[in-house]
Amino acid sequence: MAEDAYLQMIQSVITRLATQSTAVKTWCVTVTAALLGFGAKAETAIVVFIAFYVIVAFAVLDAYYLCLERAYRTLYRDAVSQATASWTLTINGPGLADVLRGLRSPSIALVYGSSILAILGVGTYVALAG
Numbered sequence: 001m002a003e004d005a006y007l008q009m010i011q012s013v014i015t016r017l018a019t020q021s022t023a024v025k026t027w028c029v030t031v032t033a034a035l036l037g038f039g040a041k042a043e044t045a046i047v048v049f050i051a052f053y054v055i056v057a058f059a060v061l062d063a064y065y066l067c068l069e070r071a072y073r074t075l076y077r078d079a080v081s082q083a084t085a086s087w088t089l090t091i092n093g094p095g096l097a098d099v100l101r102g103l104r105s106p107s108i109a110l111v112y113g114s115s116i117l118a119i120l121g122v123g124t125y126v127a128l129a130g
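Note that full-length UniProt numbering has the sequence shown beginning at 1, numbered continuously upward.
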């Protein structure tokens, strides 16, 4: 019974991270769409660069959350197999290499890659129109 509570604590952390990842994607799409709409109307290229920075920042944050989620899933598997000696929620935090690998995940690469393609399209439009 006590082990179930421990597993539930780990699962709640995983759920929170997944929820935050979804929120990051939602914010990125919203902010990028607003910037692109403004950039196309104002016909200024600086907005495209700002949108690119926003997309990269959100992508890195999302990849970090994904890496944390994977680490907690490993902790969960270890807890199920009784490989953990005590109740701990401490994990080895993801390093830069882990986050960069996380950026290649389909759940991240597709969302943020398509956003980058969209800003390239708007950037091309602004360059040709101006």
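Glycine is no exception: its CB is placed at the ideal position from the N, C-alpha and C atoms. None of the values given here were measured: they were computed from a predicted structure.
Pick from the options that is closest to residue i, judged by C-alpha positions
i   : options             : result
L61 : F38, T44, T26, M9   : T26
A33 : T124, V126, I119    : I119
A18 : G123, A40, R73, V54 : R73
T90 : Y76, D4, D98, Q82   : Y76
Y65 : E43, S105, A42, T88 : S105
V24 : G95, G121, Q82, I55 : I55
T30 : I46, S115, A109, M9 : S115
I14 : C67, Q82, A109      : C67
Integer-rounded CB distance, given that residue j should sit under 8 Å from residue i
i    : j    : result
L71  : V99  : A quick correction: the sequence has Ala, not Leu, at residue 71. In fact, because the Cβ distance is near 12 Å, the residues do not count as touching under 8 Å.
L103 : A59  : 6 Å
T44  : V126 : 7 Å
V122 : A40  : 5 Å
Residue environment, residue i, which counts as buried when at least 16 other CB atoms sit within 10 Å
i    : result
F38  : exposed
E69  : buried
V80  : exposed
L36  : buried
Y112 : buried
A5   : exposed
A129 : exposed
A51  : buried
Residue-chain proximity (residue i, chain D), Cβ-Cβ < 7 Å
i   : result
Y53 : Of the protein chains in the structure, only one exists, and it is not chain D.
Legend entry - Residue ranges of each beta strand (DSSP E) within the region 7 to 45, 3 or longer: Unbroken beta strand (DSSP E) runs of no fewer than 3 residues, entirely contained in the region 7 to 45, are not found.
Inset, instruction - Any chance you could list the beta strand (DSSP E) runs of at least 3 consecutive residues sitting entirely within the region 56 to 95, in chain order? - result: Every candidate beta strand (DSSP E) stretch fails here, since none sits fully inside the region 56 to 95 while reaching 3 residues.
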